[in-house]
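Colleague:
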Amino acid sequence: MKTLTEKLLLPTSTAGSLPKPSWLAEPEKLWSPWKLENEELLNGKEDALRVTLQEQQNSGIDIVSDGEQTRQHFVTTFIENLAGVDFENKKTVFIRNRYDAEVPGVVGPVSRQKSVFVEDAKFLRAQTNQPIKWALPGPMTMVDTLYDDYYQDRKKLAFEFAKALNEEAKELEAAGVNIIQFDEPAFNVFLDEVNEWGIEALERATEGLKCETAVHICYGYGIKANTDWKKTLGAEWRHYEKTFPAIQQSNIDIISLECHNGRVPLEVLEMIRGKKVMVGAIDVARNEIETPEEVAATLREALKYVDADKLYPCTNCGMAPLSREVARGKLNALSAGAEIVRKELQTQAA
Ligand SMILES: [Zn+2]
Numbered sequence: 062m063k064t065l066t067e068k069l070l071l072p073t074s075t076a077g078s079l080p081k082p083s084w085l086a087e088p089e090k091l092w093s094p095w096k097l098e099n100e101e102l103l104n105g106k107e108d109a110l111r112v113t114l115q116e117q118q119n120s121g122i123d124i125v126s127d128g129e130q131t132r133q134h135f136v137t138t139f140i141e142n143l144a145g146v147d148f149e150n151k152k153t154v155f156i157r158n159r160y161d162a163e164v165p166g167v168v169g170p171v172s173r174q175k176s177v178f179v180e181d182a183k184f185l186r187a188q189t190n191q192p193i194k195w196a197l198p199g200p201m202t203m204v205d206t207l208y209d210d211y212y213q214d215r216k217k218l219a220f221e222f223a224k225a226l227n228e229e230a231k232e233l234e235a236a237g238v239n240i241i242q243f244d245e246p247a248f249n250v251f252l253d254e255v256n257e258w259g260i261e262a263l264e265r266a267t268e269g270l271k272c273e274t275a276v277h278i279c280y281g282y283g284i285k286a287n288t289d290w291k292k293t294l295g296a297e298w299r300h301y302e303k304t305f306p307a308i309q310q311s312n313i314d315i316i317s318l319e320c321h322n323g324r325v326p327l328e329v330l331e332m333i334r335g336k337k338v339m340v341g342a343i344d345v346a347r348n349e350i351e352t353p354e355e356v357a358a359t360l361r362e363a364l365k366y367v368d369a370d371k372l373y374p375c376t377n378c379g380m381a382p383l384s385r386e387v388a389r390g391k392l393n394a395l396s397a398g399a400e401i402v403r404k405e406l407q408t409q410a411a
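Residue numbers (the numbering used here): 62 to 411.
1) Can you list, in chain order, the residues of its chain with a C-beta nearer than 6 Å to that of R132? Leave out the 5 residues immediately preceding and following it.
2) To the nearest angstrom, how far is it from the Cα of H134 to the Cα of Q409?
3) Taking the alpha carbon of V136 as the point to measure from, which residue in K183, A342, K391 and M201 has its own alpha carbon closest?
4) My guess is that A266 and F243 are in contact by the Cβ rule of under 8 Å, so how many angstroms apart are they, rounded?
5) Nearest by alpha-carbon distance to E149: which of I156, N158, R157 and V168 is it?
6) Between which two residues does the beta strand (DSSP E) carrying Y280 extend?
7) Less than 7 Å separating the Cβ of H134 from some heavy atom of ligand 2?
8) Does the distance from the CB of L252 to the CB of T304 come in under 8 Å?
9) So the candidates are E245, T113 and Y366; which of them puts its Cα closest to the Cα of R385?
10) Identify whether K63 lies in helix, strand or coil by the three-state DSSP scheme.
11) Roughly how many angstroms separate the alpha carbons of E129 and Q310, rounded to a whole number?
12) State the beta-bridge partners of I241 as determined by DSSP.
13) Residues around ligand 1, please: the ones whose beta-carbon is closer than 5 Å to some heavy atom of it, in chain order.
14) Of the residues E264, P88 and K68, which one's Cα is nearest the Cα of A381?
15) Among residues of its own chain, excluding the 5 on either side of A219, which ones have a beta-carbon nearer than 7 Å to its beta-carbon?
16) Report the residue from L233, E331 and R389 whose alpha carbon sits nearest the alpha carbon of L364.
17) In this structure, does DSSP put N377 in helix, strand or coil?
18) Excluding sequence positions up to five away, which residues of its chain have a Cβ less than 8 Å from the Cβ of D210?
19) Between S120 and the rest of its own chain, which residues show a CB-CB distance below 8 Å, the 5 nearest in sequence each way excluded?
20) By DSSP, does G121 sit in helix, in strand, or in coil?
21) Take R403 and list the residues in its own chain whose beta-carbon comes closer than 6 Å to its own, dropping the five residues that flank it on each side.
22) Applying the 10 Å Cβ sphere with the 16-neighbour rule, what's the burial state of A296?
23) Would you grab the beta carbon distance between L360 and A342 for me? Rounded to a whole angstrom, and I think it's under 8 Å.
24) Over what stretch of residues does the beta strand (DSSP E) that includes A144 continue unbroken?
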């Protein structure tokens with residue numbers, strides 16, 4: 062896969078989740094319950110993996126993913142598969158200082174006694190030779206998406222999660238996953254903790270991996286609580302500035318960021334020059350589909366601060382809450398926009 066993405070300029074991918082088919086789960090909803098059970102659910106999830114792969118391929122996405130078709134939520138599904146977690150007695154927690162959610166809790170020592178996504182990854186690997194990116198929740202975001210009646214220490218719990226994530230990541234790598242991404246939207250909220258222990262916990266999660274590693278840091282899904290929060294953040298969003306110096310020093314290979322249609326001044330990307338950057342060029346918080354030219358404009362702006370061979374066009378965040386039609390249109394726009402800029406770069410180089 063290194064050969065594929067290194068040869069191809071501006072390889073496209075998505076941040077992670079894509080809408081599920083309506084026969085599998087209720088569409089346009091987070092934490093949507095499954096519509097199937099037992100054997101039918103297992104088969105339905107495999108079919109959804111086939112469909113999401115084909116949709117990405119039809120749109121010309123270069124680095125494909127599972128679209129998170131087999132998980133109800135990007136954080137809680139992983140947590141619920143760990144020992145030491147009570148997912149029957151959910152509690153309401155105010156997550157990322159932003160909204161209430163019903164989440165599972167830690168009630169004893171956490172450990173990973175079985176793989177969570179490895180069978181799904183093997184299944185996807187068998188369907189395609191394209192590079193695969195697999196998203197896992199990051200340790201800090203996990204800590205922030207549950208209640209903890211056991212450790213009562215965020216840092217300590219983050220390192221326990223990092224250990225479990227590392228075990229999962231190693232098995233995903235062995236299954237043929239090319240890029241393992243850790244989702245850390247919490248990195249834009251708990252800026253001091255990111256520097257105190259967040260990045261260290263992330264590095265613990267990636268320890269010993271030979272595949273490429275990524276961290277996705279965004280301003281959240283396009284749900285109301287997030288868009289309301291964004292309205293309070295002022296004219297310029299400079300959160301990345303606080304954490305980029307330490308991220309630049311870290312051993313994470315790729316940084317996935319929200320760059321399109323928001324208030325992030327793209328000059329902050331200069332602080333991580335040298336890293337590969339997944340530049341969000343699709344807004345996931347609105348239904349209006351970007352034109353290829355709008356995507357190209359964001360990529361051109363990012364190219365001022367990111368070397369062309371390190372720029373990976375991407376979406377701002379996951380697209381699970383969108384309709385399939387809108388998500389499809391956005392994937393097509395991403396591919397077409399990347400192609401415009403690819404041609405420009407090739408003309409310049411010729
Ligand atoms: Zn995101």
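Don't be surprised by glycine CBs; every beta carbon is placed ideally from N, CA and C.
Modeller: Once the coordinates are examined:
1) If we look at R132 and ignore the five residues flanking it on each side, its Cβ neighbours are T138.
2) Answer to the nearest angstrom: the Cα atoms are 43 Å apart.
3) Among K183, A342, K391 and M201, the Cα nearest to that of V136 belongs to M201.
4) Right, the Cβ-Cβ distance comes to about 6 Å (below 8 Å), so this counts as a contact.
5) Looking at I156, N158, R157 and V168, the one whose alpha-carbon comes closest to that of E149 is V168.
6) Taken as a continuous stretch (DSSP letters only), Y280 belongs to no beta strand (DSSP E), as it is neither H nor E.
7) For ligand 2, the structure offers nothing, since it holds only ligand 1.
8) Contact: yes.
9) For the options E245, T113 and Y366, the alpha carbon positioned closest to that of R385 is the one of T113.
10) With a pLDDT of 42 at K63, under the threshold of 50, the predicted position of this residue should be treated as unreliable, and no value is reported.
11) Each residue's alpha carbon lies about 30 Å from the other.
12) According to DSSP, I241 bridges with W195 and T274.
13) This criterion selects C279 and C378.
14) Among E264, P88 and K68, the Cα nearest to that of A381 belongs to P88.
15) Counting only Cβ-Cβ distances below 7 Å, and skipping sequence neighbours, we find P200, M201, V204, W258 and A262.
16) When L233, E331 and R389 are compared, the shortest CA-CA separation from L364 is found for E331.
17) When DSSP states are grouped into helix, strand and coil, N377 belongs to the coil group.
18) If you ignore the 5 residues before and after D210, its C-beta comes within less than 8 Å of the C-beta of G166, V167 and V168, all in its own chain and listed in chain order.
19) Apart from the 5 residues on each side of it in sequence, S120 sits with its Cβ closer than 8 Å to the Cβ of R389, L392, N393, L395 and S396 in its chain, given in chain order.
20) In this structure, DSSP gives G121 a state outside helix and strand, which the three-state scheme calls coil.
21) Taken in chain order, the residues that qualify are L70 and L71.
22) The residue in question, A296, is exposed, as its Cβ has fewer than 16 Cβ neighbours within 10 Å.
23) Going by Cβ atoms, the distance from L360 to A342 rounds to 6 Å, so yes, they are a contact pair.
24) For A144, the enclosing beta strand (DSSP E) covers residues A144 to I156.
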